[in-house]
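The opening position of the sequence shown corresponds to residue 1138 in this note's numbering, with each subsequent residue numbered one higher.
Cβ coordinates follow ideal geometry from the N, Cα and C atoms, glycine included.
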Amino acid sequence: MNSVSVRPTLIARAPIRAWRIVGGAFLHFAVPVYLVTVAVATLFAAPAGAPLGELARLALGYSGWFLAGYATLALAATFAAAAVEPLLGLRRHGRDTTNSSRTATDSRMRVTNALAEARSLPDAGLRRLVDTLAQPRWNHDDERYQALSRDLAQVVHAMAVANATASDESRPDILALATRSLQRIADTLSGLLAEQSRLDHGDARAVARYVENRYGPSDFAGS
């Protein structure tokens, strides 16, 4: 199962800019493209049996044309990539938003289905524990809650399958395992909620201090 940390998730790295990729590709392939292009042009243009000096003179002449053309092409492609990059950013943002919404929806459905399946287990204490898991507010946009929902679904499904095939002698052990596992998940969920409560409390204090420092005592106090 996935372990869930109560520490905030790390901020994802920003994607590499498109114009950097295009410009870097032109720089990376500059030497091999130069060697192949100049060599082919020189061999086609040189007369049969031309001495090395003649070949070198032709290659030097083609080198100038190649460098000018390649630099122009590289700059044009880099500027074009920079021009279309905002459109790519909008598309990427839309895709990320869609994926994030779908992931949160999947997490919400996992919790709903897992709790419904857990309530089918024949143990009153276990069902009370399930009720406590259903009460807190799950933040399904948070990756830590999403990981916890996957663990919850995995635990409940495994225990439900084991309970369905267990004998009368082994069923109490299965239910005890389910209770301990769900208790650990409940403890982790409580830790996440407590951390979020501390952060929200800190935000409230910060806003209150800002208002107090900005406006001071009201001029209408006591009137």
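8 Å Cβ cutoff met for residue i and residue j
{"i": "TYR1282", "j": "LEU1329", "result": "yes"}
{"i": "GLU1349", "j": "ALA1297", "result": "no"}
{"i": "ALA1290", "j": "ASN1250", "result": "yes"}
{"i": "VAL1292", "j": "LEU1319", "result": "yes"}
{"i": "ARG1245", "j": "HIS1277", "result": "yes"}
{"i": "ARG1247", "j": "ARG1287", "result": "yes"}
{"i": "TYR1199", "j": "VAL1175", "result": "yes"}
{"i": "ALA1218", "j": "ALA1155", "result": "yes"}
{"i": "PHE1163", "j": "ALA1220", "result": "no"}
{"i": "LEU1336", "j": "LEU1285", "result": "no"}
{"i": "TYR1171", "j": "PHE1203", "result": "yes"}
Inter-residue CB distance, residue i and residue j (contact presumed, cutoff 8 Å)
{"i": "THR1263", "j": "ALA1315", "result": "Checking the sequence shown, residue 1263 turns out to be Leu, not Thr. With 8 Å as the limit, LEU1263 and ALA1315 qualify as a contact, their Cβ atoms being about 6 Å apart."}
{"i": "THR1179", "j": "LEU1189", "result": "So it is not a contact: roughly 11 Å between Cβ atoms."}
{"i": "ALA1214", "j": "VAL1159", "result": "5 Å"}
{"i": "LEU1266", "j": "LEU1312", "result": "LEU1266 to LEU1312, Cβ: 11 Å. No contact."}
beta-carbon residue i near the ligand GDP non-hydrogen atom, thresh 7 Å
{"i": "LEU1270", "result": "Among the components modelled here there is no ligand, and therefore nothing to report on the ligand GDP."}
Worksheet item: Can you list, in chain order, the stretches of the alpha helix (DSSP H) that have 4 or more residues and sit fully within the segment 1189-1269?
Response: List check, alpha helix (DSSP H) in window: 1189-1255.
Discussion item. Quick test of the definition: if touching needs 3 or more C-beta pairs under 8 Å, does the segment 1241-1251 touch the segment 1168-1183?
Written reply: They do not touch, by the three-pair rule.
Item to complete: Would you mind listing the beta strand (DSSP E) stretches within the segment 1265-1314 that are 3+ residues and don't spill past its ends, in chain order?
Response: Counting only runs of 3 or more, we get nothing.
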